[in-house]
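Peer 1: Please read through the structure below; I'll follow up with questions.
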Amino acid sequence: MTETLVLTEARPGYRVLTLNRPERLNSFTAALHEALREALRAAAADEACRAVVLTGAGRGFCAGQDLSDRRFPPDATPDLSATIEAYYNPLIRQIRDLPMPVVCAVNGVAAGAGANIALACDIVLAARSATFLQAFARLGLVPDAGGTWLLPRLAGRARARGMALLAEPVPAAQAEAWGLIWKAVDDDGLMDEAHRLAAHLAAQPTFGLSLIRRALDASETNDLDGQLDLERELQGRAGRTPDYREGVAAFLEKRAPRFTGRA
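Mapping to the working numbering: the sequence shown position 122 is 136, numbers consecutive.
Here it is as structure tokens:
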């Protein structure tokens with residue numbers, strides 16, 4: 015019987031994707047990469063899906079790379095850049111390019127690439143017992159899966175360097191205080207909060223939300239003039255959508271809007 019490495023649950027308006035290698039803290043193998051990327055592709059192709067929740071089965075979100083896949087002959091020289099190019103970089107780009115927001119619900123440890131995959135999502139919730147660990151320095155490696163780009167922007171230069179160089183776990187409450195994540199919640203309320211947020215996002219003008227995500231990402235490298243030009247372009251596109259007309263009409267008529275999420 016083939017193991018299902020990523021569980022998919024369809025909810026009204028959104029999907030829950032659960033990494034499903036709990037016996038290995040959902041650490042990544044090539045097969046798990048392929049299963050997650052296929053689940054994300056299926057979510058993007060589903061017109062009824064307007065948000066995604068990403069979480070992990072068992073007692074942890076994701077421990078990063080499964081090091082049992084990293085056994086090399088004594089005379090071999092590993093080429094980790096090939097793994098990055100084949101698996102981690104495409105996954106991060108896919109998450110960032112999804113046409114819908116991604117809520118990550120971090121249950122337990124998020125370590126190495128697992129931490130950075132979580133931080134690449136749009137809204138990150140963490141159980142109070144969860145921890146974020148940049149474990150790379152313990153192996154003589156560099157933070158990957160976008161870590162060196164994400165950490166300074168989320169936590170600031172000093173904290174990013176401390177996390178990367180010291181490889182010490184950061185508890186969820188500290189991660190919230192540092193701005194690494196959106197919110198730390200009680201363990202038993204984690205998935206309830208994740209479902210609440212996903213249901214809310216799924217009822218919003220999804221195309222407009224995708225433009226917001228694009229603008230915020232671009233602001234990391236644009237100067238002010240470039241960002242003002244991009245805002246003008248994206249606002250023009252947003253204003254031509256049926257959802258903008260519906261939002262204005264609902265406001266004037268003092269009723270709840272009925273967004274379609276279409277361009």
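Every residue gets a Cβ at the ideal spot worked out from N, C-alpha and C, and that includes glycine.
Would you check if the distance between the CB atom of Leu168 and the CB atom of Gly193 is smaller than 9 angstroms?
Peer 2: Closer than 9 angstroms, so yes.
Peer 1: Excluding five sequence neighbours on each side, which residues of the same chain lie with their C-beta closer than 7 angstroms to the C-beta of Trp196?
Peer 2: If we look at Trp196 and ignore the five residues flanking it on each side, its Cβ neighbours are Ile137, Val138, Leu139.
Peer 1: Looking at C-alpha atoms only, which residue of Ala132, Arg29, Gly176, Glu247 is the closest neighbour of Ala151?
Peer 2: Ranking Ala132, Arg29, Gly176, Glu247 by Cα distance to Ala151 puts Gly176 first.
Peer 1: Go through its chain and collect everything with a Cβ distance to Pro183's Cβ below 6 angstroms, but skip five positions before and after it.
Peer 2: These residues qualify, in order along the chain: Thr145, Leu147.
Peer 1: Excluding the 5 residues preceding and the 5 following Leu112 in the sequence, name in chain order all residues of the same chain whose CB lies nearer than 6 angstroms to its CB.
Peer 2: Excluding residues within five positions, the ones whose Cβ falls inside 6 angstroms are Ala58.
Peer 1: Taking the C-alpha atoms as reference points, what is the distance between Met15 and Leu39?
Peer 2: Residue confidence is low: Met15 scores 43 on pLDDT, short of 50, so the model does not pin down where it sits. Its coordinate-derived value is still stated next. Approximately 21 angstroms between the Cα atoms of the pair.
Peer 1: By Cβ distance, which residues of its chain are closer than 7 angstroms to Ala53, with the 5 residues on each side in sequence left out?
Peer 2: Cβ within range, chain order: Val20, Thr22, Leu31.
Peer 1: From what residue to what residue does the beta strand (DSSP E) around Arg228 run?
Peer 2: Unbroken run through Arg228 is the alpha helix (DSSP H), 220–232; no beta strand (DSSP E).
Peer 1: Taking the alpha carbon of Ser143 as the reference point, which residue from Pro115, Ala186, Ala181, Ala134 has its own alpha carbon closest?
Peer 2: For the residues Pro115, Ala186, Ala181, Ala134, the minimum Cα distance to Ser143 belongs to Ala186.
Peer 1: Pairs of beta-carbons, one from the region 246–263 and one from the region 222–230, closer than 8 angstroms: are there three or more?
Peer 2: With a cut-off of 8 angstroms, the region 222–230 and the region 246–263 count as touching, because enough Cβ pairs lie within range.
Peer 1: Can you say whether Pro309 is buried or exposed, counting buried as having 16 or more other CB atoms within 10 angstroms of its CB?
Peer 2: Residue 309 is absent from the structure shown; the chain starts at 15 and stops at 277.
Peer 1: What's the gap between the Cα of Met205 and the Cα of Pro87?
Peer 2: The alpha-carbon atoms of Met205 and Pro87 are separated by roughly 43 angstroms.
Peer 1: Would you say Gly222 and Thr255 are within 9 angstroms of each other, going by their C-beta atoms?
Peer 2: Their beta carbons are under 9 angstroms apart, which means Gly222 touches Thr255 by this criterion.
Peer 1: Does Thr69 come out as helix, strand or coil in the three-state DSSP assignment?
Peer 2: Strand.
Peer 1: Determine the DSSP secondary structure at Leu155, reduced to helix, strand or coil.
Peer 2: Leu155 falls in the coil class under three-state DSSP.
Peer 1: With 16 other CB atoms within 10 Å as the buried threshold, where does Thr91 fall?
Peer 2: Thr91 should be labelled exposed.
Peer 1: Going by C-alpha distance, which of Lys268, Gly70, Thr97 is nearest Ala44?
Peer 2: The shortest Cα separation from Ala44 among Lys268, Gly70, Thr97 belongs to Thr97.
Peer 1: Between which two residues does the beta strand (DSSP E) carrying Leu215 extend?
Peer 2: Run containing Leu215: none in the beta strand (DSSP E); it sits in the alpha helix (DSSP H), 204–216.
Peer 1: In three-state DSSP terms, what is Glu17?
Peer 2: Three-state DSSP puts Glu17 in coil, outside helix and strand.
Peer 1: By how many angstroms is the C-alpha of Leu230 removed from the C-alpha of Leu238?
Peer 2: Cα-Cα distance, rounded: 12 angstroms.
Peer 1: Find the nearest neighbour of Ala217 within the set Gln188, Leu244, Ala65, Cys135, judged by alpha-carbon distance.
Peer 2: Of Gln188, Leu244, Ala65, Cys135, the residue nearest in Cα terms is Ala65.
Peer 1: Would you kindly report the start and end of the unbroken beta strand (DSSP E) that includes Phe75?
Peer 2: 74–76 is the span of the beta strand (DSSP E), which, as asked, contains Phe75.
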